[in-house]
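Per the working numbering, the sequence shown starts with residue 325, numbered consecutively. For glycine and all other residues, C-beta sits at the position ideal for the given N, C-alpha and C.
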Amino acid sequence: MDITGAEAVIKSLELEGVEVVFGHPGGAILPAYDPILDSPIRHVLARHEQGAGHMAEGYAQATGRVGVVVATSGPGGTNLVTALADAHMDSVPVVAVTGQVPTGAVGGDAFQEADISGITMPVTKHNEMVTDPARIAGAIKEAFHIASSGRPGPVLVDIPKDVLNARIDFSYPQRVSLPGYKPTVRGHSKMVRDAAAEIVAARRPVVYAGGGVIKAGAHDELARLVEATGMPVVTTLMARGALPDSHPRHLGMPGMHGHWTAITALQQSDLIVALGARFDDRVTGNLAAFAPHARVVHVDVDPAEIGKNRQVHVPIVGDCRVVIGQILEAYESAVRGGACPAELAAWWETLRGWREAHPLRWQQDPDGSLKPQTVIKALGEKLAGDGIVVVGVGQHQMWASQLVGFERPRSWINSGGLGTMGFCVPAAIGAKVGRPDAPVVAIDGDGGFQMTLQELATARLEQVPVVFCVINNGTLGMVRQWQELFYAGRYSAVDLSWDCPDLVKLAEAYGCVGLRCERPEDVASTIDKAFAVGQVPVLVDFRVDREEKVFPMVPAGASNDDVVESAEEWYAKASTGAGGSAGEPGGAGAGSLPPSMHEGDVV
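Have a look at this one:
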């Protein structure tokens with residue numbers, strides 16, 4: 325088949341089963357835009373390449389398929405960097421195709437030239453600049469294989485304009501041959517047996533489920549494992565929905581703003597079974613003080629993660645879905661062979677007591693300012709475990725993870741590792757494009773929303789009816805919270821104003837429906853109106869109390885034993901310096917506030 329390199333790009337995407345690409349045209353990539361007109365592939369025109377990249381991420385997270393983004397050279401590629409870095413941190417399978425200046429001009433500082441391959445090397449799983457037109461098909465085939473296999477991630481294929489214009493005899497490879505790239509799928513049999521033995525012996529085990537469980541499609545295996553063993557489960561920010569929140573074994577989310585019982589259960593455990601998790605600092609707190617009594621079984625498809633942050637007693641490299649099945653089989657075999665699992669009744673009695681004594685604490689005064697938790701809880705009740713929630717980064721992200729009930733995998737989409745403000749609006753559009761039959765609710769803060777609000781035009785003109793809910797407190801809420809708690813209330817560069825822009829007028833300017841809610845008694849009816857609109861995007865301006873803070877909270881650099889449940893507790897401890905009885909099973913408490921509580925990163 326004699327076609328151009330540009331036609332080969334589009335044909336290759338078609339043969340990979342791609343149904344939609346997100347992008348923005350420009351000079352160097354222009355040859356690839358012409359054959360799109362004759363292709364069944366849908367092109368969604370973003371208003372900014374970063375938005376296009378986040379749309380591809382949202383599509384990938386919602387569907388489990390590879391998201392595809394297309395951009396031109398120079399600023400087109402550099403505008404993708406944030407989205408690629410975000411996908412890299414959160415293991416999201418994305419393929420980016422970028423145009424490049426002609427090969428003869430590379431290195432000569434040509435118009436709109438940037439070494440995008442070099443720039444993105446640290447934030448992609450793999451990238452390549454294609455200089456031979458005959459290489460296009462193979463490069464794209466490999467990109468999809470690498471992006472979606474092993475630990476998923478972003479792959480970039482950069483193609484100079486003359487390569488796109490050249491004519492080639494096109495044929496698409498049937499298989500990939502990459503001798504140096506063979507991700508391990510099955511776990512080592514001895515390590516699997518050792519893991520089962522650890523589970524049999526443990527008296528205070530906890531399953532620490534990370535995003536890798538969802539990436540591997542291992543949610544059914546996870547449920548079978550915990551039902552067979554009786555172990556409790558915590559699901560990280562990236563794993564919400566991996567086990568239904570309604571499941572009796574589920575304790576909630578651990579981490580800096582997690583559920584008290586989930587945080588403390590990990591801290592007091594004698595065995596952590598980590599599945600597709602990476603022991604990141606937002607979960608562990610002070611790593612040296614994290615779960616001091618626990619032995620660790622760590623399952624991950626990426627061998628680089630095992631032992632990177634925490635000493636591991638039973639390392640297992642492999643696909644979570646496969647390895648969990650192996651562990652379950654080994655556990656059941658051990659029990660049939662006479663092994664007697666440790667009794668977990670006392671552990672569960674402790675956990676149930678903690679759950680009863682330490683619920684999430686917040687209060688809505690009927691005559692007071694609208695609390696953000698009131699809004700987010702009502703949104704969760706409206707969805708009732710159905711649909712998809714996409715969030716930005718900040719206080720609203722934590723409240724949403726705490727208060728919305730997630731019953732299915734891929735029903736929660738957020739920027740976890742990179743913490744990208746501006747992620748929410750475009751990612752929600754991508755999620756809705758990928759799953760048009762599912763209700764998609766975007767919950768964003770007024771700060772993050774204003775970073776990518778121009779994509780409302782994309783949602784309107786592409787007929788993507790997302791319900792965009794802005795938790796509008798007129799400030800950079802998480803930054804303001806930290807400035808109050810750690811900088812004596814010296815608020816620097818956080819005020820945004822409730823009225824600039826007027827979000828209802830902004831929605832109308834973009835052809836969307838705009839609603840506003842300021843009173844607690846109007847929340848339910850406003851949400852009902854938003855959901856009833858149907859085929860047009862809706863923007864709801866929820867004006868909420870700017871003083872409200874996210875708790876529980878483990879201060880950056882502090883031990884998880886120092887978890888604080890409320891602002892009142894925070895100020896009481898700060899004024900007295902009182903410590904707790906942290907460190908003994910069943911007796912965890914918040915210790916005296918360490919020096920690290922007066923400094924640290926916000927996000």
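If you drop the 5 nearest sequence neighbours on each side, which residues of the same chain put their C-beta closer than 6 Å to that of residue i?
i, result
"residue 341", "none"
"residue 767", "715, 720, 724 and 793"
"residue 773", "794"
"residue 463", "452, 454 and 481"
"residue 731", "568 and 709"
"residue 786", "368"
"residue 414", "740 and 741"
"residue 728", "704 and 713"
"residue 679", "585"
Between which residues of its own chain and residue i is the CB-CB distance below 8 Å, once the five residues before and five after are set aside?
i, result
"residue 365", "334, 337, 338, 342, 343, 344 and 345"
"residue 489", "328, 329, 330 and 355"
"residue 666", "524, 525, 526 and 527"
"residue 577", "558, 559, 560, 561, 564, 583, 586, 725 and 726"
"residue 830", "777, 780, 838 and 863"
Quick one: Cα of residue i to Cα of residue j, how far?
i, j, result
"residue 558", "residue 352", "47 Å"
"residue 800", "residue 823", "14 Å"
"residue 748", "residue 738", "7 Å"
"residue 751", "residue 782", "12 Å"
"residue 866", "residue 605", "32 Å"
"residue 387", "residue 539", "11 Å"
"residue 434", "residue 425", "7 Å"
"residue 411", "residue 843", "37 Å"
"residue 904", "residue 370", "Summary for residue 904: the model assigns pLDDT 37, below 50, so the residue's position carries little reliability; its value from the coordinates is reported in the next sentence. Approximately 52 Å between the Cα atoms of the pair."
"residue 548", "residue 563", "17 Å"
"residue 660", "residue 654", "10 Å"
"residue 690", "residue 595", "44 Å"
"residue 542", "residue 447", "26 Å"
"residue 520", "residue 460", "46 Å"
"residue 826", "residue 860", "19 Å"
"residue 693", "residue 704", "20 Å"
"residue 437", "residue 470", "26 Å"
"residue 762", "residue 862", "15 Å"
"residue 734", "residue 764", "12 Å"
"residue 816", "residue 869", "19 Å"
"residue 910", "residue 441", "The pLDDT assigned to residue 910 is 33, lower than 50, so where the model puts this residue is not dependable; a value taken from the coordinates is nonetheless given after this. The straight-line gap from Cα to Cα measures roughly 52 Å."
"residue 784", "residue 554", "48 Å"
Which residues mark the beginning and the end of the beta strand (DSSP E) in which residue i is found?
i, result
"residue 793", "791-796"
"residue 599", "595-599"
"residue 366", "366-369"
"residue 480", "478-484"
"residue 778", "Residue 778 -> no beta strand (DSSP E), and no H or E assigned at all."
"residue 576", "574-576"
"residue 559", "557-559"
"residue 491", "491-493"
Just to confirm my understanding: we take residue i, look at its own chain, exclude 5 residues before and 5 after, and list those with CB closer than 7 Å. What are they?
i, result
"residue 853", "839"
"residue 848", "702"
"residue 636", "620, 622 and 630"
"residue 744", "406, 410 and 717"
"residue 473", "507"
Since residue i sits in a beta bridge, which residues does DSSP pair it with?
i, result
"residue 866", "795 and 841"
"residue 1015", "The chain is shown from 325 up to 927; residue 1015 falls before or after that span and cannot be answered."
"residue 736", "713"
"residue 529", "595"
"residue 422", "395 and 482"
"residue 536", "Residue 536 is not bridged to any residue."
"residue 639", "622"
"residue 888", "877"
The alpha helix (DSSP H) that contains residue i, what's its start and end?
i, result
"residue 357", "354-357"
"residue 462", "460-472"
"residue 453", "Careful: residue 453 lies outside any alpha helix (DSSP H), inside the beta strand (DSSP E) at 450-453."
"residue 547", "543-553"
"residue 660", "644-660"
"residue 676", "669-681"
"residue 295", "The shown model of the chain, from 325 to 927, leaves out residue 295, and the question about it has no answer."
"residue 328", "Careful: residue 328 lies outside any alpha helix (DSSP H), inside the beta strand (DSSP E) at 326-328."
"residue 567", "Neither: residue 567 is in no alpha helix (DSSP H) and is coded neither H nor E."
Between residue i and chain D, is there a C-beta pair that is closer than 8 Å?
i, result
"residue 841", "The structure shown contains no chain D; it holds only a single protein chain."
Within the region 371-415, note down every full beta strand (DSSP E) run reaching 3 residues or more, in order along the chain.
Whole beta strand (DSSP E) segments, 3+ residues: 391-395.
Which runs of the beta strand (DSSP E) fall wholly inside the region 683-721 and span at least 3 residues, in chain order?
712-715, all fully within the region 683-721.
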